Every structure is written in C-alpha cells, then in structure tokens.
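These protein sequences, in sequence, are chains A and B. Position 108 of the first sequence, counted from 1, bears residue number 108 in our numbering, the numbering being contiguous throughout. Position 233 of the second sequence, counted from 1, bears residue number 471 in our numbering, the numbering being contiguous throughout. Down below is the structure, laid out as structure tokens.
Protein chains: 2
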Amino acid sequence: MAYELYYWDGLQGRGEFVRLALEEAGAEYIDRARQPDGTSTMMRLMRETKGAMRPFAPPFLKDGKVIVSQVANILFYLGPKLGLAPKDEALRHAVNALQLTIADLVAEAHDTHHPISGGLYYEDQKDAAKARSSAFIAERIPKYLGHFAEILQHGEGWLAGGALSYADLSLFQVIEGLNYAFPRAMKGFATDYPALATLRDAVRERPNIARYLGSDRRIPFNESGIFRHYPELDQDAP
Amino acid sequence: MAYELYYWDGLQGRGEFVRLALEEAGAEYIDRARQPDGTSTMMRLMRETKGAMRPFAPPFLKDGKVIVSQVANILFYLGPKLGLAPKDEALRHAVNALQLTIADLVAEAHDTHHPISGGLYYEDQKDAAKARSSAFIAERIPKYLGHFAEILQHGEGWLAGGALSYADLSLFQVIEGLNYAFPRAMKGFATDYPALATLRDAVRERPNIARYLGSDRRIPFNESGIFRHYPELDQDAP
C-alpha cells in the first residue's frame, strides 16, 4: 500500500524533508497536499485520530492504519523501510540525533521571521525579526554548519556510516533553504564549508533527487515556508 | 555497566527528562554533572567524539562506547531498555512523537525569556520576552496542554498503550516547569485540565520518583534553567 503524506499545500515547509526521502527511495506515495481536497482531508484525519497517534501538527504520514507525526519521527520510522538508515542500532540513533539537530536549526530559521508569535504577521514583529536574524547569522548558522562540517571530516562524504542516510537529504534541504533565505550571509558558504558544499552537490545529482527537483512536484521556495527571503533580514556574516 | 549522563551543572534543564526516566526505572547511572570535574569531562568528551555520534550540545548519554545525544533520542534509545516504552513499533513511534512535541514546547518555553538570542542577557531582550511570553500564555500553552489532554481522554491514565512511558514522565516535568515559571497563567490548570493534573499527581507519587524528588539529587527549579520565574513575564490566561 502506498504511503500517504499529509501537509499544508503550496509550500515546501517541514513536509519537504519527508518528500526528499520518499523521492530518493523511489517509494510509492500519495502527496495529499497536491489533491483538491488535501487540506480538508488532512484536518479531518487529525481530528478523527484518537489517542497516542494523534498528530499535534502536520506533516504526518499514514502507513495503513499507522499514523506517524513529527518529521524526525517519520524519518526514523521510514529510514529502514526505505534503505536510508544504517543497520547498526547505535548509528541509527546517531542519524536520529543529527536529524533532531537539523530540526532545531529549522525551528530557529523559522523564528528569524516570527520571533514573537506564529499568530502575528511578520510585519508586526519586524524589529524583533531583525535582531533575531542578526544573531542567527552571527552565532547560530556558523555553530550548526561547523558541527556538520566537523562530522563530515570523519565520514566518507556522508554524515553517518559511510552511506547516504535521510539526514544527508535533510542537510541538503537546509543548505538550500539557508542559501535562499540568506544569500548575503551565505556568500562564503562553499569556501568556508567545502565538505558541506560537496554533500549538497552530491545529493542534488542523485538521479531520483535530480528528477524530483526538476519536476513540478518540487514547489519553489517562497515566503509561506520556513526559509523566507526577506532582504531586510539578511546581512553579511561577521 | 552504569549509564553516564552528561549535562550542565546546577540546573534541571533538558537533562532532567533523562534523569526522571533513569530514576523511575531504578537504573544504575552516574550523573557526571554532580562530580567535581563534571563539566570539563563533558567538554572534553564532546570535543574528542569524532564522526556521527558527536553531540551538538548536552545532554548526552554514554552507554559503553555508544554516545547518544538529543533528549528525545536518548529516551527513544533508553525506553525499551528501561521498560518505559511500548513493545509495539507503531506505539513506540507514537511515544516518540509525543516526546518531540514536548521538546517543541520546552524550546518555546525557553524562548519566552530568550526570544532574540541565547547569546544575549535576558535584560537585553526583555521587551521581546514580554511579547513572546504573552503569546505563549495566550496561544501556545492552551494548544499544547489541550493536545495532551485530548490524548489522555482515550488512554487509561497514561499517554500511550495503557502503561507508563517516558513521555508521561516528561509531561509531568513540563507541567511542573510551567507551574513554576507561570503561576498566574497556570492558576486554572487543575480545573481546565483535570486529566493532566491526575497524571502529574500519579507520576509524583510513584515510589522511585517520590524518593528522587525528595532527595538532593533533584535540583530545585531556578533562573538558570529552561523554566524561569520572571514575574514580569507571567500574566493571567486570557
């Protein structure tokens, strides 16, 4: 039975991390967001799921009767089934830790444009957004990218176990997102983090990923997603 | 061999979620933060861990040669070993999703006092902290607590599978933390969320947890942790 992915329509957002894994593996899946009734079906399913499997928020995956929510959890669930996780238990948890660190970075990237509340317009929290973005560029981007670069120094082109895992796909996505949102801050990226640039290129060139990125299934980055290009929030890295 | 838990000294912080699981299970563990050289040993171990297991930040767990970081990941790893996770794979992922939702709530609770940057003093981001706290109290606390309460309606006193899991222990900790940080906002807690109050009491009364909470191993909440009581950030729920 095909996997069903539920997420908001019209943006990459957190759903994209799951899409990239499904696309790389060539898995059969239905992207419910792309169907006419996608959002209403998603809302109904969230409401009707009772007990422990009830999602707090999209994205979530339906695999038969099983509902799995939270991106890192979906990927931990799918990883072994899609051949995108190491066999070794300890390494599998290392990949999960990397994915959770990516999730933290994604949440912080979101909060650069919404530092006060997701319930307020960007325009109503612009001053705080400028201050948060400035700190994100100065302190957080280098800390996160430096961490992944350090790990890659001891791998063989991939983050864990010498083979592609879903965390590599997610790291690719985060790098693309940061370059979209903060082109000035990321100007020195390929020079400062050559191993990350190599990984980004290697993921981009994987046949299934290249086919996906060239298709209309890949929604372009836009200002409804996590990574938004607001020029006033971007600045040169210090 | 005893588990070794590495974390900052002098605060509950994110380490507390792991401590509660180890204490409930009566597991043998060394809390490195409580040893004279705890912090320097931790920093050295982080620096010397090469490759995929390298922690981005504390807390992390050492189990022989295995290093596991990120709270939800540590608990996913420990859960089955400590008898604090369901046997069923789908339910185990449901518990992990609950834990990740708790982690999101914890990150948001942290950002109420540090909405701009963890690198700045609270005093230097107080206005933004007031605005973020106000939104957290009005929108986010009810959304999160409502979610857990809805799930408990369909359980048998616990979040998943009719038995205590590590997510219940973490939910207890979050409820205690919110009550410490935001006593005014949480005034109606027991009336508004009776099932959550029952769960909180049930965890508090478990013999191993009660013994731990009464010991000097339990550091009191304080203003170095995630949940900080700054009266100017607290307000009545709307």
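Backbone N, C-alpha and C fix where the C-beta goes; we use that ideal spot for every residue, glycine too. All of these numbers come straight from a predicted model, not from anything done at the bench.
Beta-carbon proximity check, residue i vs residue j, cutoff 8 Å
| i | j | result |
| --- | --- | --- |
| Phe56 of chain A | His392 of chain B | no |
| Ala290 of chain B | Ala160 of chain A | yes |
| Arg378 of chain B | Glu346 of chain B | yes |
| Ala129 of chain A | Tyr121 of chain A | no |
| Ala90 of chain A | Ile137 of chain A | no |
| Ala103 of chain A | Val71 of chain A | yes |
| Gly119 of chain A | Pro58 of chain A | no |
| Leu105 of chain A | Val174 of chain A | yes |
| Met280 of chain B | Arg270 of chain B | yes |
| His110 of chain A | Ile226 of chain A | yes |
Best match in the options for proximity to residue i [C-alpha to C-alpha]
| i | options | result |
| --- | --- | --- |
| Asp247 of chain B | B:Thr350, B:Leu397 and B:Arg272 | B:Arg272 |
| Arg218 of chain A | A:Gln70, A:Ala2, A:Glu4 and A:Gly13 | A:Gly13 |
| Pro445 of chain B | B:Ala263, B:Gly253 and B:Leu243 | B:Ala263 |
| Glu286 of chain B | B:Lys303, B:Pro274 and B:Arg270 | B:Lys303 |
| Asp201 of chain A | A:Thr101, A:Lys143, A:Leu171 and A:Glu89 | A:Leu171 |
| Leu320 of chain B | B:Gly400, B:Tyr468 and B:Glu261 | B:Glu261 |
| Ala332 of chain B | A:Lys87, A:Leu233, A:Arg92 and A:Lys50 | A:Lys50 |
| Tyr144 of chain A | A:Ala163, A:Leu164, A:Ser117 and A:Asp192 | A:Asp192 |
| Pro432 of chain B | B:Asp269, B:Ile389 and B:Leu402 | B:Ile389 |
| Glu470 of chain B | B:Arg282, B:Pro421, B:Gly452 and B:Arg449 | B:Pro421 |
| Leu240 of chain A | A:Pro142, A:Arg211, A:Asp216 and A:Arg92 | Look at the range of chain A in this structure, 1 to 238, and you will see that residue 240 of chain A is not part of it. |
Own chain partners of residue i with C-beta closer than 7 Å, once the 5 adjacent residues on each side are dropped
| i | result |
| --- | --- |
| Asp168 of chain A | Trp158, Leu159, Leu199 and Val203 |
| Ser134 of chain A | Gln235 |
| Arg228 of chain A | His113 and Ala181 |
| Asn460 of chain B | Leu249 |
| Leu283 of chain B | Tyr244 |
| Ser462 of chain B | Gly248 and Leu249 |
| Asp454 of chain B | none |
| Pro458 of chain B | none |
Spatial neighbours of residue i in its chain, beta-carbon cut-off 8 Å, leaving aside the 5 residues before and after
| i | result |
| --- | --- |
| Leu299 of chain B | Tyr241, Glu242, Leu243, Tyr244, Val256, Ile305, Val306, Ser307, Ile312, Tyr315 and Leu316 |
| Glu28 of chain A | Ala2 and Tyr3 |
| Pro115 of chain A | Gln125, Ala128, Ala129, Ala131 and Arg132 |
| Gly188 of chain A | Ala237 |
| Asp88 of chain A | Gly161 |
| Glu417 of chain B | Here residue 417 of chain B turns out to be Asn, not Glu, going by the sequence shown. Answer for Asn417 of chain B: Met424 and Phe427, listed in chain order. |
| Thr234 of chain B | Examination of residue 234 of chain B is not possible in this model, given that chain B is present from 239 through 476 alone. |
| Leu451 of chain B | Arg442 |
| Glu156 of chain A | Gly162 |
Close beta carbons around residue i, own chain, < 6 Å, minus the five adjacent residues each side
| i | result |
| --- | --- |
| Ala190 of chain A | Ala197 |
| Tyr404 of chain B | Ala259, Leu313, Gly317 and Leu322 |
| Asp301 of chain B | Tyr241 |
| Ile268 of chain B | Ala240 and Glu242 |
| Pro380 of chain B | none |
| Ala149 of chain A | Tyr193, Ala195 and Leu196 |
| Ser355 of chain B | none |
Heavy atom of the ligand PLP within 7 Å of residue i beta-carbon
| i | result |
| --- | --- |
| Leu358 of chain B | In the structure shown, the ligand PLP is absent, as is every other ligand, since no ligand is present at all. |
C-beta neighbour in chain E for residue i, strict 8 Å
| i | result |
| --- | --- |
| Glu4 of chain A | Among the chains of the structure shown, chain E does not appear; the protein chains present are A and B. |
Scan the stretch 9-34 of chain A for residues whose Cβ lies nearer than 9 Å to a Cβ of chain B and list them as they occur along the chain. none
Quick check on the DSSP output: what are the complete alpha helix (DSSP H) runs of length 4 or more inside the stretch 172-234 of chain A, in order along the chain? 189-192, 194-204 and 207-213
Would you list, in sequence order, the uninterrupted alpha helix (DSSP H) runs of no fewer than 4 residues that lie entirely inside the stretch 64-146 of chain A? 71-82, 89-113 and 126-135
Residue ranges of each alpha helix (DSSP H) run of no fewer than 4 residues wholly in the stretch 243-292 of chain B, ordered along the chain? 253-262 and 276-286
In the stretch 68-90 of chain A, which residues sit with their C-beta less than 9 Å from some C-beta in chain B, listed in chain order? Val68, Ser69, Gln70, Val71, Ala72, Asn73, Ile74, Phe76, Tyr77, Pro86, Glu89 and Ala90
Looking at chain A, which residues of the stretch 279-305 of chain B have a Cβ within less than 9 Å of any of its Cβ atoms? Lys288, Gly289, Ala290, Met291, Arg292, Pro293, Phe294, Ala295, Phe298, Asp301, Lys303, Val304 and Ile305
Residues of the stretch 328-339 of chain B with a CB closer than 8 Å to any CB of chain A: list them in chain order, please. Ala328, Leu329, His331, Ala332, Val333, Asn334, Ala335, Leu336, Leu338 and Thr339
Short-range partners of chain A found in the stretch 352-373 of chain B, where Cβ spacing is below 9 Å: Pro353, Ile354, Ser355, Gly356, Gly357, Leu358, Gln363, Asp365, Ala366, Ala369, Arg370, Ser372 and Ala373
Chain-ordered residues of the stretch 220-231 of chain A with a beta carbon less than 7 Å from chain B: none
Taking a Cβ distance cut-off of 9 Å, strictly less, list which residues of the stretch 415-445 of chain B are near chain A, in chain order. none
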